[in-house]
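Numbering (my numbering), first residue to last: 47 to 125.
This is the structure:
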């Protein structure tokens with residue numbers, strides 16, 4: 047709601063309606079911002095999980111000696 051519209055509403059005795067509309071718009075913006083923040087965080091989590099998954103796959107393809115050296119597998123699994 048623009049400043050002029052609020053002023054007009056205040057003069058006409060409809061101030062309460064104007065305030066309610068402002069509050070509704072503010073709530074709506076807050077909800078949109080919260081949703082955007084949540085989406086952003088979820089995308090970051092998914093990216094992190096994917097990165098870890100790719101790293102694990104890469105490490106599994108390494109030769110057994112390397113896996114033993116980094117403590118990934120036991121001696122029986124490496125043989």
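Backbone N, C-alpha and C fix where the C-beta goes; we use that ideal spot for every residue, glycine too. Predicted model only: the values in this text are computed from it and were never measured.
| Query | Result |
| --- | --- |
| Per-residue DSSP class, three states only, for residue 24 | Lying outside 47 to 125, the shown extent of the chain, residue 24 is not represented and no answer is given. |
| As assigned by DSSP and simplified to three states, the class of residue 99 | helix |
| Through-space distance from residue 72 to residue 79, alpha-carbon basis | 11 Å |
| Inter-residue Cα distance where the pair is residue 77 and residue 107 | 45 Å |
| DSSP state of residue 86 mapped onto helix, strand, coil | helix |
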